[in-house]
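Residue numbers (our numbering): 26 to 525.
Note that beta-carbon positions come from the ideal geometry of N, C-alpha and C, so glycine has one too.
Note that the coordinates shown come from a computational prediction; the quantities given were computed from them, not determined experimentally.
First comes the structure, then the notes that go with it.
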Amino acid sequence: MPKKTARAAAAVQPLIAEIPHHDVAIVGSGFSGLGMAIFLKKAGRNDFVILEKADDIGGTWRDNHYPGAACDVPSHMYSFSFEQNPDWSRMYSGQPEILSYMQRCADKYDLRPHVRCGEELLEARWEEAEQRWHLQTGTGARLTARVLVSGIGGLSRPALPNVKGLDNFKGTVFHSARWNHDYDLAGKRVAVIGTGASSIQFVPQIAPKVGKLVLFQRTAPWLVPKPDGQLPSLLKTAFRKIPGTQSLFRNAIYWQAEAFGIGFINPKLMAPIEKLSRFHLARQIEDPELRAKLTPTYTIGCKRVLFTNNYYPALARDNVEVVASGVKEVRANSVIASDGSEHEVDAIICGTGFDVADPLGPLNIIDRDGKPVPHDGSMNAYLGITLKNLPNLFMLLGPNTALGHNSIIFMIESQINYVMQCLEEMDKRKSPSITVKPESSDAYNVRVQEELKKMVWSAGGCKSWYINDKGENFTIWPGLTWQYWLKTRKVDFKQMLFAG
Ligand code: N01
């Protein structure tokens, strides 16, 4: 540490003595936060705290408990590589099973004593003189940490549609990620807004119960069959008894998903998937008028390709009406579609996704110059992990690391491995902080944006939450996951600045 910095640090020591200090503060207890905590524990780094805004662990898998909530990535891949579970009941497990897997991991590694529930991080300020983060939560609690790891994730804040009159609706309104299980849907007239990954899972569950379901579809999604089913007990026994079988199964899933991912890089290769999707639609929907409404009009892959076997059959029911239009207005007892039609309903369920434009939400991060990180939807990071001018801040699932084709947990593990190397290197060099060089970060992000311009998310003729208002994509990783693993496997410390 430079002499001046050391003197300043010594001067403030008495002032901060009463604020609890941790070596590492992790934000969030979803897959990212739990994974980070497990790696720290395994490395004997026990001085860490997990700040969790809710009253329990689990992140998105705690919050998304709508009927039919399940993962659309096979469970043997959608789980930690170091905590494989031979007992997954199905190929694609449901939310309760995934959440209990996460809870088991937390208990096995004794993480709960580290979790401070009900503490939403609202401000993180880097104090250069002290070489540490000053943190303040929603309860007013203050703490400091040498290292801050964000496991916030992009899908933590539900987005209600910005529709005139929604507040004046006399019936019940809720979002898929805040499902109201106390509201009995039986016999009710229900409007569902949105036809994304969440909606296609809950619509088939509620359609047989409700009196009438009106589905507002602004953009028809591409759907393919979901190769789901119970896993036979013989296979589970093999996973338990024959070494290597489960890893082999996991690897097969991984490489199949990577092969699918090639289509995002070169959409021409998506032709067989598009054919499959059209066949799926034709096989499940007989009515030509409904089929026309459900036929997508953009290149497959531009929005998330959705896996389902029971969505189209649900839409073919007599009590379901598909309105191929957005929503213009909500009145006291009805929803007015953009095509002008009016639909009287008792309840509105919003499957309208998440607020991803501002990945930080209410969190105010203040950099080493005292400047706040802008909340303008253009946050970028070196490898999606480290940000210029923000020492000792690591993001898990940061900008440009989301996927449309494989397990996000693979990305999380690659990032955690990267963070662990940075911590070790700081120890080795006896340096209090590490920051990415601004020029390295800038050059990296120019390359990423250039690559993304050619890919299906920009070139596929759709409007998706991956792209911001300026046409930039700070969401998706422009490649296959093994390429990301290769880039993050060994940290290139030449791109980093060390203090001291
Ligand atoms: O949200 P979405 P989601 N008027 O943003 C529509 C993950 N996930 O919750 O397409 C009318 O995909 C919007 O219409 P359009 C996964 O990463 C994973 O379904 O923009 N409609 C769209 O149809 C996924 O990508 C799993 O024209 C409006 C829908 O709402 C992410 O979560 C399961 C509207 C939103 O779709 C989000 O999925 C579930 C308006 N004003 C989710 N505003 C897994 O299995 C929005 N829409 C891992």
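Euclidean distance between Cα positions of residue i and residue j
{"i": "residue 466", "j": "residue 518", "result": "13 angstroms"}
{"i": "residue 388", "j": "residue 146", "result": "6 angstroms"}
{"i": "residue 102", "j": "residue 446", "result": "24 angstroms"}
{"i": "residue 135", "j": "residue 296", "result": "48 angstroms"}
{"i": "residue 62", "j": "residue 75", "result": "8 angstroms"}
{"i": "residue 27", "j": "residue 451", "result": "Any reading at residue 27 is ruled out, since the residue's pLDDT is 47, under 50, leaving its predicted position unreliable."}
{"i": "residue 245", "j": "residue 185", "result": "19 angstroms"}
{"i": "residue 324", "j": "residue 292", "result": "8 angstroms"}
{"i": "residue 520", "j": "residue 46", "result": "29 angstroms"}
{"i": "residue 490", "j": "residue 253", "result": "27 angstroms"}
{"i": "residue 525", "j": "residue 458", "result": "8 angstroms"}
{"i": "residue 267", "j": "residue 222", "result": "36 angstroms"}
{"i": "residue 198", "j": "residue 462", "result": "47 angstroms"}
{"i": "residue 115", "j": "residue 407", "result": "37 angstroms"}
{"i": "residue 349", "j": "residue 336", "result": "16 angstroms"}
{"i": "residue 224", "j": "residue 91", "result": "9 angstroms"}
{"i": "residue 309", "j": "residue 228", "result": "16 angstroms"}
{"i": "residue 280", "j": "residue 204", "result": "35 angstroms"}
{"i": "residue 456", "j": "residue 385", "result": "28 angstroms"}
Check whether residue i and residue j have beta carbons under 7 angstroms apart
{"i": "residue 180", "j": "residue 168", "result": "no"}
{"i": "residue 441", "j": "residue 64", "result": "yes"}
{"i": "residue 593", "j": "residue 113", "result": "Residue 593 is absent from the model: the chain starts at 26 and stops at 525."}
{"i": "residue 202", "j": "residue 89", "result": "yes"}
{"i": "residue 182", "j": "residue 364", "result": "no"}
{"i": "residue 425", "j": "residue 473", "result": "yes"}
{"i": "residue 59", "j": "residue 142", "result": "no"}
{"i": "residue 216", "j": "residue 360", "result": "yes"}
{"i": "residue 331", "j": "residue 319", "result": "no"}
{"i": "residue 482", "j": "residue 375", "result": "no"}
{"i": "residue 416", "j": "residue 377", "result": "no"}
Beta-ladder partner(s) of residue i, from DSSP
{"i": "residue 255", "result": "115"}
{"i": "residue 521", "result": "461"}
{"i": "residue 490", "result": "Answer is none; residue 490 lacks a bridge partner."}
{"i": "residue 418", "result": "173"}
{"i": "residue 498", "result": "492"}
{"i": "residue 407", "result": "411"}
{"i": "residue 151", "result": "158"}
{"i": "residue 241", "result": "218 and 348"}
Open item on the list: Quick test of the definition: if touching needs 3 or more C-beta pairs under 8 angstroms, does the stretch 154 to 174 touch the stretch 50 to 70?
Closed with: yes
Task: the stretch 426 to 445 / the stretch 505 to 512 touching (three or more Cβ pairs under 8 angstroms) - done: yes
- [ ] Ignoring anything shorter than 3 residues or poking outside the stretch 158 to 218, list the beta strand (DSSP E) runs there in chain order.
- [x] 167 to 175, 197 to 200 and 214 to 218
Task: the stretch 272 to 279 / the stretch 298 to 317 touching (three or more Cβ pairs under 8 angstroms) - done: no
Open item on the list: With three or more C-beta pairs closer than 8 angstroms as the rule, is the stretch 345 to 364 touching the stretch 190 to 208?
Closed with: yes
Task: Meets three-Cβ-pair contact criterion under 8 angstroms: the stretch 311 to 318 and the stretch 328 to 345 - done: yes
Task: Segments of 4+ residues assigned as alpha helix (DSSP H) that fall wholly inside the stretch 318 to 391 - done: 336 to 340
Open item on the list: Under 8 angstroms, with one C-beta from each stretch per pair, do the stretch 399 to 413 and the stretch 492 to 499 reach the 3-pair mark?
Closed with: yes
- [ ] Could you say if the stretch 279 to 293 and the stretch 256 to 264 meet the contact criterion of at least three C-beta pairs nearer than 8 angstroms?
- [x] no
Task: Those runs of the alpha helix (DSSP H) which lie wholly inside the stretch 56 to 133 and span at least 4 residues - done: 56 to 67, 85 to 88 and 120 to 133
- [ ] Decide if the stretch 204 to 214 is in contact with the stretch 369 to 376; the criterion is three or more beta carbon pairs, one per stretch, under 8 angstroms apart.
- [x] yes
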